[in-house]
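Q: These protein sequences, in sequence, are chains A and B.
Just so you know, full-length UniProt numbering puts 418 at position 418 of the first sequence, and the rest follows in order with no gaps.
Just so you know, full-length UniProt numbering puts 595 at position 595 of the second sequence, and the rest follows in order with no gaps.
Protein chains: 2
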Amino acid sequence: MPWPKEIKENPAKFIINSDVTISLSPNNRGRVRNAAVNFLRRLSTRTGVFLGEGFPITNKEGHIKITFDTVSKLGIENDESYTLDINDTSVNIKAKTDIGAIRGLETLLQLTHNNETNYFFPGVNIIDNPRFVWRGLMIDVARHFQPVNVIKRNLRAMASVKMNVFHWHLTDDQGFRIESKVYPKLQELASDGLYYTQEQIKDIVTYADNLGIRVIPELDVPGHASAILAAYPELGSKDNYNYTIERNSGVFDPTLNPTKIITYEFLENLFSEIAPLFPDDYFHIGGDENEGKHWNENKDIQRFKNQHGLKTNHDLQTYFNIKLEKILSKLGKTLMGWDEIMTPNMPTSAVIHSWRGENEGLTKGGSLIKAAKKGYQTVLSNGYYIDRMLPVEHHYNVDPIGNVQLTKAEQSRILGGEATMWSELVTQQTIDSRIWPRTAAIAERFWSPQAINDVNAMKKRLATVSFQLEELGLTHIKNRDVILRNMTNNQDISSLITLSKICEPLKIYARNKDGIEYKTYSPFNLFADACVVNAEDAQPFINQVSNYIKNPNKAHEAEVMHYLNKWSKNYTHFSKLQKNPKISPLEKLSKTISDVSLMLSKAIKNKNISTKNLNIIKDHIKVLSNPFVDVEVAIIEALTRLTHYSESNNLQN
Amino acid sequence: MPWPKEIKENPAKFIINSDVTISLSPNNRGRVRNAAVNFLRRLSTRTGVFLGEGFPITNKEGHIKITFDTVSKLGIENDESYTLDINDTSVNIKAKTDIGAIRGLETLLQLTHNNETNYFFPGVNIIDNPRFVWRGLMIDVARHFQPVNVIKRNLRAMASVKMNVFHWHLTDDQGFRIESKVYPKLQELASDGLYYTQEQIKDIVTYADNLGIRVIPELDVPGHASAILAAYPELGSKDNYNYTIERNSGVFDPTLNPTKIITYEFLENLFSEIAPLFPDDYFHIGGDENEGKHWNENKDIQRFKNQHGLKTNHDLQTYFNIKLEKILSKLGKTLMGWDEIMTPNMPTSAVIHSWRGENEGLTKGGSLIKAAKKGYQTVLSNGYYIDRMLPVEHHYNVDPIGNVQLTKAEQSRILGGEATMWSELVTQQTIDSRIWPRTAAIAERFWSPQAINDVNAMKKRLATVSFQLEELGLTHIKNRDVILRNMTNNQDISSLITLSKICEPLKIYARNKDGIEYKTYSPFNLFADACVVNAEDAQPFINQVSNYIKNPNKAHEAEVMHYLNKWSKNYTHFSKLQKNPKISPLEKLSKTISDVSLMLSKAIKNKNISTKNLNIIKDHIKVLSNPFVDVEVAIIEALTRLTHYSESNNLQN
């Protein structure tokens, strides 16, 4: 995963034993050597094989041979194609560039198989290259700061599914996360001490580059500027306004003043300082969600608009954006912004980051196709908002182009897409479980041919990829139990695990209504934080209920009963827990699930249900349909179907 | 934990609700403010309380009031005392220094209690200060490199149990881990790319300082020098020798040449570059385990000895050490070294780090008392080698002074002790589980009064502390399952968990015989790496067997049977796993444990055992007494006692 472009199987088997060696040609101490060393470590970790040679050999050819022609400068022109051929005695990876070779190594590692006695690579011939050149993940480190190691492990995970753009949302109302030597008040007054030093930024950029990942910084202006203005209020659109770091979530009014010369001086100085830290050609200036309230309330700004013939706030923002485009252009950077920047006067040298869609009042497909047709390069995030907590299939089914007919030129302007991890509701403890594994499916959407779209096949592969991400230090699996241990004060967590496997965190920002329930420093290790999208036991149960209703034979019945029995017994376990204020709110959830499971299991077993019990079941399901402690029960529909089935077939008259 | 010097309980209860605020006096943006913010975050995490104020308040007094007089410069003179008083409506922490205040905050957090409806701090009056001024943890980052975040989370853990010295073993045969701008080949050729930049070192030192932890760097010379010599072979004691980074464990011959002027030029330049990164007064030069083989083999060195009247290699090393002492003294540093440096001519300005004891041919207690009597400041590590994988009680029972009578001056020269985490057999995935929780017990030994020595009471508190360390990001608990999932290729790991709870990794370096089985790049995510010292189910079972044999009543029988039944059934679960080369070696272990448990449980239940079965049991126990896959079974003795009990009481004639 992502599935390669062409794959042919052959009956060979390359056995992985302690003699296995790897060699590189040209012998290069750069990215490929790094990748080869990491490959050997991960292969050893995965197989337990004690490799004799822990590093690529240079005195002769290895069993695994990697050849490539050139070392890449990362960018949208970069060639990532490779071929991979495995036979009984050798493995060959060939690529035009070192990045192609790295991608091939990841494919090879994913091919590790085993039987009782051996680990091996199965014989295959693969020809592969990506569908889109821009396969990104955005991480918002403003709402909740994410330390260097969190970023690094996510970069490793990205590389393992062949993603190549890390979009780093570095500033927002809740914090400015970059050290500035020119404007030190930014980190001193606008970060709560949580920011990256310039050395750390360089370290991360180098780390990403080694993995074949570009880093696009985002400094969001002129809106989302509370933090900047907490440090430099003189740049604000309101005089004598008490600008402070924002602690809640939402869209806020503090906005840079686009009519002041000092605003552009500030941004030019700041961009000149920051831009060199990021060798990539693209620079993201945000530009989203400026509702213009403070502009409207400032007479000087209104006067400025009249003087310059700027009719609307949109025109004023375009004026601002064009100024920024010139500053960035001097720095050798291409301006990129969220799709609000696509106003009639905006030059087509800008890149449009399409994020709004039907939910934001645009037509289906949003601004992506429109931007490409107008001559802009464009990147899609609408449909890939992973912080909305929607199931993986939802994102997997979003195709950037779909069936739209485009000219070749238009098509080439659709660079690809980005999953976006906004961090209002995630901390470093939970962020991995919100990004992964769903982002791996999105990565496949960006890399693999459009025709690779079988959701069930994807889910099966995704389960393996998800577990393998642990090898890279990802915490999306193991931190569930950490949270549950914390909740119970170190009691037996098995009953909470059972519960968490059928509960999902509330979706589409319902968890944080109007952005005021959770502040940036609120606790995020509650039951909802232990739960994940695509709850583990929900889908199998849903499938089994379908099977049972279609064909209520013994085998199907047993499968359904297996879950119902587990859930019906679970409250007994739960009730043994010593209660505390974190567990007690789950009491009703746990008891209701057990009650309804017990009654349904009896109905199924006895092929008999009374009207009274049927009504009780329906009441229980109604109760469970409401959110509890910021989660929703993911088996409601299946329980309802079972209930209707019993009503139709087993009702006692 | 560590237990305070004086503690008086009172019936008050300070309820932790969303109104709780904290204030500092003097209002200081330094260490205490940092500690207070972290305290609020951890309190919120632990209780789930949504605090209204996420930062210390400055406009009025908070419910939790912290007052202190001065901001410390860290060092052995620093005052860490504090008092803590809790009543129904307020909490008062008073200290002479900011570090004392920080220590008090950790105590307060540990006092978090709860009932069904509330979290609260119980009423207490505490007067506290440490017994020793030097309470350290050494981490070896040479044998296995540990990234910045691993060091940081261990620093957090140290601070949570009031440790105050991080001894950083930065160089050894297997790697040189510091960036040098003067001698860049050190990181280029002697680190495999795994080293700390100077910026990262400064970051860690600042991070530690904020937690009240001093950082003592160790550059181990003249032995343990393979890596240095791989970069700069001209400094070696042998010409034309192929110096390379060492991949195995052990004591190796490559040694700096103490007769060459360039050696001292190199060290003076290097120390001059490195020393300023570490503001602490002490600088550790290692000086251990130089067996002098290469010195003996070099005629020039032998000639030099004769010329300078140096009779032995020890004299030559003292000559070397005295030169180093002068270099360090110019840099304002006090030289510290392992106890081999304590030769007759060594000036008493050096600090003796006592590590050898009976196992290394010294008398019990080793060199500590001798050093103190001779006028050296001294620090004890003998008895605190946590990499030896000995049970926690072993370390807890080692008292640095014991019953030895010392003068006040002698006593004051015994600064304290250090737990040592040598890293031949640990990676970043497992290091936490090798350091914690045992080091928390050692921390109590260093902080609390000598009379606090009840092992059972300590173990009970340790279990809580251990679990709470997860809150700081420690991985010692959660990484067990990561390893087991990896072993099984994501199958149900419950049978392996059951097994891991009665198995312990082999002790005292038996796992890596002669240091050649495991190379630095060997896999360390095997079954032994999932197991820990003080295996979870072993001690309870051992206790229950004792109880049962003393008094074989129904209740005691049921307790013993509970475990025997669990283990006897476990092989059935294990056998359902799809086998692979990592699991298969556990087959015999699993089956034998199940067999013996089943037979013993039958004997107990039936009060009857045949001679034949008795002999089978004894054979099984013999089998289990051998190491399997680098673990030992921790319940052998208890099984043997049960067997003897059955033999004596239930044998069928």
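C-beta: ideal position from N, C-alpha, C; glycine also.
Keep in mind that this is a model prediction, so the values were computed, not measured.
Along the chain, which unbroken stretches of the beta strand (DSSP E) at least 3 residues long are found entirely within the stretch 120 to 191 of chain A?
A: 134 to 140, 165 to 169
Q: For B/Gly100 versus B/Glu80, is the C-beta distance shorter than 7 Å?
A: yes
Q: Can you find a CB in chain B that lies within less than 7 Å of the CB of A/Phe145?
A: no
Q: Let me know if A/Lys588 comes out buried or exposed under the rule of 16 or more other beta-carbons within 10 Å of its beta-carbon.
A: exposed
Q: In chain B, which residues lie less than 8 Å from A/Thr117 when you measure between Cβ atoms?
A: Pro581, Ser584
Q: What separation, rounded to the nearest whole angstrom, lies between the Cα atoms of A/Ala555 and B/Glu471?
A: 44 Å
Q: Does any residue of chain B have a CB that is nearer than 7 Å to the CB of A/Phe39?
A: Chain B, which has no Cβ nearer than 7 Å to the Cβ of A/Phe39, makes this no.
Q: Under 7 Å, Cβ to Cβ, is there at least one residue of chain B near A/Glu291?
A: no
Q: Name, going along the chain, the residues of the stretch 476 to 499 of chain A whose beta-carbon falls closer than 9 Å to a beta-carbon of chain B.
A: Hits within the stretch, in order: Ile477, Lys478, Asn479, Asp481, Val482, Arg485, Asn486, Met487, Asn489, Asn490.
Q: Return the chain-ordered ranges of every beta strand (DSSP E) run that is complete within the stretch 501 to 582 of chain A and spans a minimum of 3 residues.
A: 503 to 505
Q: In the structure shown, what three-state DSSP assignment does B/Gln198 receive?
A: In this structure, B/Gln198 counts as helix in the three-state DSSP scheme.
Q: Which partner residues of A/Ile66 appear in the DSSP bridge assignment?
A: A/Leu24, A/Ile93
Q: Please look up how many angstroms separate the CB atoms of B/Gly123 and B/Glu9, rounded, as I've assumed it's under 8 Å.
A: 7 Å
Q: Does the separation of the CB atoms of B/Phe304 and B/Thr255 fall below 7 Å?
A: no
Q: According to DSSP, simplified to helix, strand and coil, what is B/Glu53?
A: coil
Q: Out of A/Lys293, A/Asn397, A/Gln377, A/Ser448, state which residue places its alpha-carbon closest to the alpha-carbon of A/Arg413.
A: Considering only alpha carbons, the answer is A/Gln377.
Q: Report yes or no: is there a C-beta of chain A within less than 7 Å of the C-beta of B/Thr107?
A: By this cut-off, B/Thr107 is not an interface position.
Q: Near B/Asn608, which residues of its chain fall below 7 Å by C-beta distance, leaving aside the five closest residues on each side in sequence?
A: Asn650, Gln652
Q: Is the CB of B/Glu199 under 7 Å away from at least one CB in chain A?
A: yes
Q: Looking at the C-beta of A/Asn534, does it have a partner C-beta in chain B at a distance below 7 Å?
A: no
Q: Pick out the complete beta strand (DSSP E) segments inside the stretch 244 to 288 of chain B, 3 residues or longer, and give them in chain order.
A: 282 to 286
Q: Is it right to say B/Gly416 is buried, meaning 16 or more other beta carbons lie within 10 angstroms of its own, or is it exposed?
A: buried
Q: Measure the beta-carbon distance from A/Ala159 to A/Leu474 and round it to whole angstroms, keeping in mind my assumption that it falls under 8 Å.
A: At roughly 12 Å, the Cβ-Cβ gap does not stay under 8 Å, so A/Ala159 and A/Leu474 are not in contact.
Q: Verify the CB distance criterion: does B/Gly175 have a CB-CB separation below 7 Å to chain A?
A: no
Q: Answer with yes or no whether the minimum CB distance from B/Pro523 to chain A is below 7 Å.
A: yes
Q: With distances taken from CA atoms, which of B/Tyr232, B/Asp300, B/Val205 is nearest B/Glu188?
A: B/Tyr232
Q: Closer than 8 Å by beta-carbon distance: list the chain A residues that pair up with B/Asn257, in chain order.
A: Here the premise fails: no neighbours, minimum Cβ distance about 28 Å.
Q: Ignore the nearest five residues each way along the sequence and tell me which others in A/Pro391's own chain have a CB closer than 7 Å to its CB.
A: Val533, Asn534
Q: Using a Cβ-Cβ cut-off of 7 Å, state whether A/Glu470 counts as contacting chain D.
A: Of the protein chains in the structure, A and B, none is chain D.
Q: Kindly confirm or deny that the stretch 493 to 501 of chain A and the stretch 229 to 247 of chain A touch, where touching means at least three C-beta pairs closer than 8 Å.
A: no
Q: A/Met458 by DSSP, collapsed to three states: which one?
A: helix
Q: Under 9 Å Cβ-Cβ, which residues of chain A neighbour B/Arg247?
A: Gly54
Q: Could you pull the start and end residues of the alpha helix (DSSP H) that B/Gly104 belongs to?
A: 98 to 110
Q: Under the DSSP definition of a beta bridge, which residues are partnered with B/Asp420?
A: Per the sequence presented here, residue 420 of chain B reads as Thr, with Asp not at that position. B/Thr420 pairs with B/Met138, B/Tyr385.
Q: By the three-class DSSP mapping on this structure, what secondary structure does B/Tyr207 have?
A: helix
Q: Look up B/Met336 in the DSSP assignment and give the residues it is bridged to.
A: B/His284, B/Val351
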